[in-house]
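According to my numbering, the sequence shown is numbered sequentially starting from 304.
Beta carbons: idealized from backbone N, C-alpha and C, even for Gly.
Model, not experiment: these values are computed from the prediction.
So the structure is just underneath, and the comments pick up after that.
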Amino acid sequence: MPFSVATWNINSVRLRMPLVEHFLTAHQPDVLCLQETKCPDDMFPLKPLRKLGYEHIEISGQKGYHGVATISKRPLEIVEKRDFCTKGDCRHLAVNVSAGGKRILVHNFYVPAGGDEPDPEINPKFRHKLDFVAEMHHVPATSGDDHASILVGDLNIAPLETDVWSHRQLLKVVSHTPIETESFEAMRKAGNWVDLMRQAIPPTEKLFTWWSYRSKDWAASNRGRRLDHVWSSQNLSPHLTAMDVLTDARGWERPSDHVPVIARFDLD
């Protein structure tokens, strides 16, 4: 049974709904996890999604900031909307979806960006980010004969040297500092998560999902970072068949600064 999960920091779902509709029509993932929706729950654009066959939608949103949403062709069962660091931010949503005889727990995350100064003593945003990742140590990749886990989202950290355009130049830039990357990898290993993007695309290859709006010609300079991630429990990783990073989406009209990533599985 084919099954696919996509993740995309959309940077305002109402502003970019035409892009979401285009993406869903062209690529037809079973589940799409959106981050930075910037939309309160009562204003979320449900109708165009349901018109495309995505009738099952769970949202955790707030006005102007943050927000995550998980939309699906398959029925969803809401499991949790965890308030990490007791900030009251809408940055996490967990749902169950059934596919291939398994109940799959899908975590949708939007990790704080962390501000500009990589010093938790003087930058409360960076302290929040580090605390958030530390709390994620307690999100395990639960699995068994009839259940599995997936974790996706804008995790706002590029852990590997090949996840950034210049390891040397970004060592002191938030998202690639050693304190972030070490904590990030420790958290992934603590939960027994598999980095599916690097399972499909060797760590020796450059891999980006985000390009700054500040770059006048993002494609020519290609100064990107891999901030978006797809992880799974150990029992799902052998079923991964493809990993699609839609780099061209960065060049769409009025794009997000992130691009969609699609993980495809065969659950037979």
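For this session: Would you mind stating whether N459 and P415 have Cβ atoms separated by less than 8 Å?
Result: yes
Problem set entry | Nearest-angstrom beta carbon gap, G527 and W468 [assumed within contact, 8 Å] | 6 Å
Exercise. Sorted by chain position, which residues of the same chain lie with C-beta nearer than 6 Å to D434's C-beta, five sequence neighbours on each side aside?
Worked result: C388
For this session: Kindly list the residues whose CB is nearer than 8 Å to the CB of L408, restricted to its own chain and excluding five residues on each side of it in sequence; keep chain order.
Result: V382, A397, V398, N399, T445, H450, A451, S452, I453
Problem set entry | Candidates L499, L352, I313: closest to L539 by CA position | L499
Exercise. Is Q338 buried or exposed, if buried means 16 or more other CB atoms sit within 10 Å of its CB?
Worked result: buried
Exercise. By Cβ distance, which residues of its chain are closer than 7 Å to T465, with the 5 residues on each side in sequence left out?
Worked result: Setting aside the 5 residues that flank it on each side, T465 is surrounded in the same chain by P506, T507, E508, K509, L510, each with a C-beta closer than 7 Å to its C-beta; the list follows chain order.
For this session: Within its chain, find whatever has a CB closer than 7 Å to the CB of T373; leave out the 5 residues flanking it on each side and keep chain order.
Result: Counting only Cβ-Cβ distances below 7 Å, and skipping sequence neighbours, we find V334, C336, E361, L379, L396, V398, V409, N411.
Problem set entry | DSSP bridge partner residues for T373 (one or two, in chain order) | C336, E361
Problem set entry | Exposed unless 16 or more other CB atoms sit within 10 angstroms - verdict on S559 | buried
Exercise. In or out: H470 buried (at least 16 other Cβ within 10 Å) or exposed?
Worked result: Burial call: exposed.
Exercise. Based on the DSSP output, what are the partners of D547 in its beta bridges?
Worked result: I565
For this session: Using the Cα positions of S573 and R353, report the straight-line distance between them to the nearest angstrom.
Result: Since the displayed the chain opens at 304 and closes at 571, residue 573 lies outside it and no answer follows.
For this session: Enumerate in chain order the residues of its own chain whose CB-to-CB distance from A545 is below 6 Å, with the five nearest sequence positions on each side excluded.
Result: Only R567 meet the Cβ criterion.
Problem set entry | Reference H442, options M490, S515, V533, L530, closest by Cα | The displayed chain sequence assigns Val, not His, to residue 442. Ranking the options by Cα distance to V442, first place goes to M490.
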